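Asks: With UniProt numbering, you'll find the sequence shown wraps up at 386, consecutive numbering, no jumps.
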Amino acid sequence: MNQRERLPSVVDKQVELEEIIEKLNTTVREANDRILVLICENDMLQKEQERLLEFQAKLINEPKKREQDLRKQHKLEIDNIENEYLQRINDTDDKLKSAILLNETLSTVYKEQIVSMESDYERSISTLKNELETTRQELEQLKIRIDLLRQTNIDNEKLTSNTESSQIGINNHSNRDDTLACSTCERQQGEEFDSASVEHQLSHIPMKTLDNASIDTSSTVENNTTTLSSTNDKSLDISFEKIEFERQRLEEELHTTKIHLLDTAELLNESELNNARLDQQVTLLKDEIRRIERNMDRAESISSLEYLKNIIVKFLVLKSTDERLQLIPVLVTMLKLSPDEQAQLVRVANLSTTFDENLRSNESQTAQMTNNDINSPSWGSYLNIW
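(1) DSSP state of residue 338, grouped into three classes?
(2) Whole angstroms is fine: what's the gap from residue 29's alpha carbon to residue 35's?
(3) Would DSSP call residue 318 helix, strand or coil?
(4) Counting only beta-carbon atoms, is residue 289 nearer than 8 Å to chain B?
(5) Near residue 309, which residues of its chain fall below 6 Å by C-beta distance, leaving aside the five closest residues on each side in sequence?
(6) Using 8 Å as the cut-off, can you tell me whether the segment 262–271 makes contact with the segment 134–152, which would need three or more C-beta pairs spanning the two stretches below that distance?
(7) Return the chain-ordered list of same chain residues with a C-beta closer than 6 Å to the C-beta of residue 89, the five sequence neighbours on each side being excluded.
(8) Contact between the segment 113–130 and the segment 248–258 is defined here as three or more beta-carbon pairs at a separation below 8 Å; is this criterion met?
(9) With the cut-off set at 8 Å, would you say residue 346 and residue 328 are in Cβ contact?
(10) Whose CA, out of 319, 338, 96, lies closest to the CA of residue 280?
(11) Would you tell me roughly how many angstroms separate the C-alpha atoms of residue 46 and residue 66, rounded to the nearest one?
(12) For residue 199, does the three-state DSSP call read helix, strand or coil?
(13) Less than 8 Å between the C-beta atoms of residue 99 and residue 273, yes or no?
(14) Roughly how many angstroms lie between the CA atoms of residue 52 and residue 39, to the nearest whole one?
(15) Quick check: what's the CA-CA separation for residue 291 versus residue 79?
(16) Between the Cα of residue 287 and the Cα atoms of 338, 259, 275, 315, which residue gives the shortest distance?
(17) Around the Cβ of residue 55, are there at least 16 other Cβ atoms within 10 angstroms (buried) or fewer (exposed)?
(18) Taking the beta carbon of residue 335 as the centre, do at least 16 other beta carbons fall within 10 Å, making it buried, or is it exposed?
(19) Is residue 103 near residue 275, with beta carbons less than 8 Å apart?
(20) Considering only C-alpha positions, which residue in the set 341, 349, 340, 344 is nearest to residue 326?
(21) Is it true that the CB of residue 315 sits closer than 8 Å to the CB of residue 305?
(22) Rounded to the nearest angstrom, how far is the Cβ of residue 128 from that of residue 246, given a contact under 8 Å?
(23) Quick check on the burial criterion: 16 or more other C-beta atoms within 10 angstroms. Buried or exposed for residue 42?
(24) Is residue 289 closer than 8 Å to residue 110 when the C-beta atoms are compared?
(25) Hey, would you say residue 283 sits closer than 8 Å to residue 117, going by beta carbons?
(26) Is it buried or exposed, residue 156, if we count other Cβ atoms within 10 angstroms and call 16 or more buried?
(27) Are there 16 or more other CB atoms within 10 angstroms of the CB of residue 71, so buried, or fewer, so exposed?
(28) Could you tell me which whole beta strand (DSSP E) segments of length 3 or greater appear in the segment 13–60?
(29) Taking 8 Å as the cut-off, decide whether the C-beta atoms of residue 268 and residue 107 are in contact.
(30) Residue 259: which of 146, 351, 113, 93 sits nearest, CA to CA?
So, in structure tokens, the structure goes:
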């Protein structure tokens, strides 16, 4: 009985154990499958990790390489720009020197030409003045001679009238004729000696010959006066023509000298403008070279951007002027700022302090006003009375 009762219990336990074994086998198979899945995932994750590490190394190396390439390229460009600007500065200096030398030579040449023209002009004016004086003297002499000729003509007319009146009694009045002839010779002052001698011989010549001689002498005197007057007029006309021609020539020379002086003045103005333009170009080129040098020094000096960032932030955050002014030299040395930029920083520091002071004063005023409003009785206190 006991064995029969034990057998079903053993069978049941065996069945239960088999079921447990099957469950465990299924769990083991599931665990194995899961382990395989995990192994595959692990392999995939390792591959992904390796890929990410390679990508990380690539990301780290590429910026460095790119930065090095950019630095080299930037340095080469800066060197090329610097060489180009130095060459341009040298060329402009050479051009400026040549322009200055040309300007000086032109100015000296023009000054010498102006001095020579002025001396020639003064010399020609002095010669013309002398010629005018000589022509005036000649004119005075010619007037005197004309007056003398007129006087002699009048005397000759008187002589002819006296000879006509003395034709009636030439033999009885010979002595009076001689004295008359002598007086006429004294009046003519030695210029008409021939006419006086002819008149002196009239007392010993017959009537007909005396008439012919008187007529001949009067005609010769008239011819002489006319020829003298015509020659004098011709000489006066020639002298006036010479003076007028010389005056016109001097006016033309003066006009040409004025035009030449205007041209020289225009050339001098153009050269001065060119010099000013070249000076402006030289100053601009110098400023550009200084800027490039500052950029190069700035690129070399800016090694720690974090330190520079901290200084800039501190400069912006600080409120006291003294601390900001102490930070300005550091910024100047690191950023290689120009004097104008340094002055702007000092101005900004001072303006920010004044702005902070004004803001504080405004805040204190507003706080005082709010306190006054709080302390003062409101309209609600008056409403309680009603």
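Beta carbons are placed, not taken as given, at the ideal position from N, Cα and C, and that holds for glycine. Everything numeric in this text was worked out from a predicted model, so none of it was measured.
Replies: Put simply:
(1) coil
(2) 10 Å
(3) coil
(4) Any reference to chain B falls outside this structure, which holds one protein chain only.
(5) none
(6) no
(7) 285
(8) yes
(9) yes
(10) 96
(11) 29 Å
(12) The predicted position of residue 199 is uncertain, since its pLDDT is 42 and thus under 50; a value taken from the coordinates is nonetheless stated next. It is helical.
(13) no
(14) 19 Å
(15) 14 Å
(16) 338
(17) exposed
(18) buried
(19) yes
(20) 349
(21) no
(22) 6 Å
(23) exposed
(24) no
(25) no
(26) buried
(27) exposed
(28) none
(29) yes
(30) 113
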